[in-house]
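Q: Would you mind keeping the following structure in view while I ask a few things?
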Amino acid sequence: MSTNKAWLQELWSGLALGACAGLLAGLFGHFTLWLMLGLLAYLSWHVWHLYRFHHWLALDGRGAMPDGMSIWHELYYQVYRLNKRHRRSRRRLLDGLQQFRVATAAMPEAAIVLSAEGEIIWVNRSAETLVGITRNDVKNRITNLLRFPPFVDYVLGGVYERAVELPSPLDNGRSLSAQITTYGDNQRLLIVRDITLLTQLEQVRRDFVANVSHELRTPLTVISGYLETLSGMDDVALNRYRRPFEQMQQQAGRMRSIIDDLLFLSKVESPRGTRGSELVPVAKLLNVLVAEAQSLSGDQRHEILLTQAEATALFGSEHELRSAFSNLVFNAVRYTPPGGRIELSWKIDQRGGHFSVRDTGVGIAAEHIPRLTERFYRVDASRSRDEGGTGLGLAIVKHVVERHLGTLEITSVLGKGSCFTCHFPLSKLALNRAG
Ligand code: ADP
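And the structure:
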């Protein structure tokens, strides 16, 4: 029955009741009395249906739908339909939840939901086998259970673009990678996966490069030594070989630089390498770099300025940071024409510390920028070689900055100049200490 029809029927019943009261009043008089009696009967009928309706609802609408006439039948039917729809969507939701549980239980990765405060809200089954965290650890802080310092820095740092590597707390020989994704009301999903095989392969590659470089060092030292002795000899017979000797010495020097950079790169690439935790006085370091850059510039007379140097130190390895920063500064000198301007700055804001080198040099076309930090990637290979570059400088910078939980940003306009900025998180700054 449609709703309109039900209401029409209800209206007709009311009118019939009024007509009956009128008829009985015509026969026996007392119209008001008959009308009151009629209304009482009508009210009692509705109260009875209200009682049955309430009783049926109290049973969650599970019993048989009560039969009824006119508007009550319509009401029962509408509630019955709503109830059926609600039960169907609940079943669908429960099925979805069940499937989600089965899927997360079958996942080889550990999935851990964290609150904004870093407390564990939910864990899947793999979390127990990978990191030893179970449902009993719910409400505990993740940083109290997984205490590996770079992981703690990562969780507290709030910058989750990259994953962080950590040793398995259950088996020191296994390596894990952890990545956080934020969602909803500042909740975080932590996914931990086993990357032991990948790390072993990476280690084999790094060890190979480091061993080859190391093995090449000794013969190269011997060759360079002999070349130096030969070029220093005051022998007329050797005079015609002066030029080839010079070139051989130059190339041997280049090879030594490449080997040194390769060895340094394999060290900063390795998660096994010790991460320094010294207080690095950045402002002091930059003053030294400005002096070194001026001496490299020599008679090219670049204008080299330290525009801002806040008195804030950085936690990390002084040797690594010095090497990374000097690579950026020396690149600026090498790729800026004589008389150009080079600005160094160290700024602090609410996001962290930012070291930048801005130059008015040759600039870099946009298509090269994403590949600059690859090993041996050069925009202009012959220019780089002429300038004594190894093609490894920016790869070293990127790894050193990442080891300090930072990111490297490169902006450049071809023909106008470039800006290389290293962003470090607040957790790496010693805000109350002079630097
Ligand atoms: P290289 O030893 O060749 O300088 P890097 O890794 O330091 O190697 O740099 C990679 C390439 O990036 C360089 O070959 C050069 O083409 C480009 N590059 C680096 N710094 C600058 C700069 N300040 N201005 C222009 N180009 C740059």
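Mapping of the sequence shown onto my numbering: residues -9 to 425, in sequence order. Note that beta-carbon positions come from the ideal geometry of N, C-alpha and C, so glycine has one too.
Whole angstroms is fine: what's the gap from Leu217's alpha carbon to Gly381's?
A: Leu217 and Gly381: Cα-Cα distance of roughly 25 Å.
Q: Taking Val278 and Leu304 to be in contact with their CB atoms under 8 Å, please state how far apart those CB atoms are, rounded to whole angstroms.
A: No, Val278 and Leu304 are not in contact; Cβ-Cβ is about 15 Å, not under 8 Å.
Q: Give the C-beta separation of Asp349 and Gly407 to the nearest angstrom, bearing in mind that I take them to be a contact with Cβ-Cβ under 8 Å.
A: Correct: roughly 5 Å between the Cβ atoms.
Q: Just to confirm the assignment: which complete alpha helix (DSSP H) runs, minimum length 4, are found wholly within the region 136 to 180?
A: Those alpha helix (DSSP H) runs which fall completely within the region 136 to 180 and span 4+ residues are 139 to 147.
Q: Quick one: residues in its chain with C-beta nearer than 6 Å to the C-beta of Trp112, no 5 flanking neighbours on either side, listed in chain order?
A: Closer than 6 Å at the Cβ level, and outside the excluded window around Trp112, lie Val103.
Q: Would you list, in sequence order, the uninterrupted alpha helix (DSSP H) runs of no fewer than 4 residues that lie entirely inside the region 189 to 271?
A: Runs of the alpha helix (DSSP H) inside the region 189 to 271: 232 to 259.
Q: Can you give the Cα-Cα distance for Asn162 and Glu259, rounded to whole angstroms?
A: Approximately 20 Å, taken between the alpha carbons.
Q: Could you tell me how far apart the beta carbons of Arg131 and Glu109 are, in whole angstroms, since I believe they sit closer than 8 Å?
A: Rounded, the Cβ-Cβ distance is 6 Å, consistent with contact.
Q: Is it the case that the region 407 to 422 contacts the region 291 to 305, given that we only count it when at least three CB pairs across the two stretches are under 8 Å?
A: A contact exists between the region 291 to 305 and the region 407 to 422.
Q: Where does the unbroken beta strand (DSSP E) through Arg341 begin, and where does it stop?
A: That residue, Arg341, is in no beta strand (DSSP E); it is neither H nor E in DSSP.
Q: Is Thr186 helix, strand or coil by DSSP?
A: If DSSP states are grouped into helix, strand and coil, Thr186 belongs with the helices.
Q: Could you tell me which of Ala281, Gln68, Gly28 sits nearest to Phe43, measuring between CA atoms?
A: Checked all of Ala281, Gln68, Gly28; the closest Cα to Phe43 is Gln68.
Q: If you draw a straight line from the C-alpha of Gly263 to the C-alpha of Ala355, how long is it?
A: With a pLDDT of only 48 at Gly263, under 50, the local geometry of the prediction cannot be trusted, and no value is derived from it.
Q: Would you list, in sequence order, the uninterrupted beta strand (DSSP E) runs of no fewer than 3 residues that lie entirely inside the region 273 to 315?
A: Within the region 273 to 315, the complete beta strand (DSSP E) runs of at least 3 residues are 293 to 299, 303 to 306.
Q: Flag this pair as yes or no: are the beta carbons of Leu384 and Leu362 separated by less than 7 Å?
A: Contact: yes.
Q: Examine ligand 1 and report whether any of its heavy atoms sits within less than 6 Å of the Cβ of Asn134.
A: Not so, every heavy atom of ligand 1 lies at least 6 Å from the Cβ.
Q: Is Asp376 buried or exposed, if buried means 16 or more other CB atoms sit within 10 Å of its CB?
A: It counts as exposed.
Q: Mark Trp46 as exposed unless 16 or more other C-beta atoms lie within 10 angstroms of its C-beta, in which case mark it buried.
A: So Trp46 counts as buried.
Q: What residues are listed by DSSP as bridge partners for Arg331?
A: Per DSSP, Glu293.
Q: Tell me, to the nearest whole angstrom, how far the beta carbon of Ala314 is from that of Ile386; I am working on the premise that it is less than 8 Å.
A: Right, their Cβ atoms sit about 6 Å apart.
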